[in-house]
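Residue numbers (our numbering): 4 to 202. The beta carbon of each residue, even a glycine, is placed where N, CA and C say it ideally should be. Only one structure is covered here, and it is reproduced in the block below.
So this is what it looks like as structure tokens:
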């Protein structure tokens, strides 16, 4: 499970990063070192690579109660097409969840921070959904997809978030070929990552 991430950048950093290819921003946000579920995360949605914020914890369109989001902060890559909570978003509403790193805890409850060796902003494979509350207000929510860990993360945890290569962004966001999309959900190259224990 991925339950803490870092977004140590601003929307200006995102807009200036040509590899992310964002053409429009709907928000302003501040760098954060420890983002927890139920808080907002920066996402890129299809279209003209639009930058937006979404509450972390998916609420499916059909959900009657927002409390379901507490259980849907992660989606297992192996069962996306089967689980009712994720199936519709997997087909129609895929997104990029931006981060600068993520945390995993070892059995001794000590956190390890993982990031790219390049220190660049990267993107998790994510899903999003717009849900209406009792008053009719639309709440944009998201989840982060997880997969088997690479050899680096495996030392700490048995799952890791799916990190997408920049060349695969368009396929993830727009392709209707779900077989090709599913093939992107794999462990990221451990040689491009680093991890270290933090307090």
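Which of the three DSSP states, helix, strand or coil, is assigned to residue i?
i	result
residue 181	helix
residue 119	strand
residue 18	helix
residue 49	coil
residue 156	helix
residue 37	strand
residue 65	coil
residue 189	coil
residue 133	strand
residue 101	strand
residue 10	strand
residue 27	strand
residue 124	coil
Could you give the first and the last residue of the continuous beta strand (DSSP E) run that contains residue i?
i	result
residue 58	53–59
residue 32	It is not in any beta strand (DSSP E) - residue 32 carries neither H nor E in the DSSP assignment.
residue 79	77–79
residue 145	141–150
residue 84	No beta strand (DSSP E) contains residue 84, which DSSP labels as neither H nor E.
residue 196	196–200
Tell me the residue span of the alpha helix (DSSP H) that contains residue i.
i	result
residue 90	87–95
Since residue i contacts residue j with CB under 8 Å, what's their CB separation in whole angstroms?
i	j	result
residue 9	residue 38	7 Å
residue 130	residue 89	6 Å
residue 174	residue 22	With 8 Å as the limit, residue 174 and residue 22 do not qualify as a contact, their Cβ atoms being about 15 Å apart.
residue 16	residue 124	7 Å
Using 10 angstroms around the beta-carbon of residue i, count the other beta-carbons present and answer buried if the total reaches 16, otherwise exposed.
i	result
residue 65	exposed
residue 105	buried
residue 209	Since the first and last residues shown for the chain are 4 and 202, residue 209 lies out of range.
residue 155	buried
Please return the same chain residues whose Cβ sits closer than 8 Å to the Cβ of residue i, not counting the five positions on each side in sequence.
i	result
residue 14	28, 30, 31, 32, 45 and 54
residue 51	26 and 27
residue 139	none
residue 7	37, 38, 39, 105, 106 and 114
Leaving out five residues on either side along the sequence, give the residues of the same chain with a beta carbon under 7 Å from the beta carbon of residue i.
i	result
residue 80	148, 149, 150, 165 and 188
residue 75	60, 61, 88 and 146
residue 178	184
residue 48	55, 98 and 131
residue 113	200
residue 100	44, 46, 126, 127, 129, 145 and 147
Suppose the cutoff is 6 Å on Cβ atoms and the five residues either side in sequence are ignored; what does the same chain contact list for residue i look like?
i	result
residue 115	107, 159, 198 and 200
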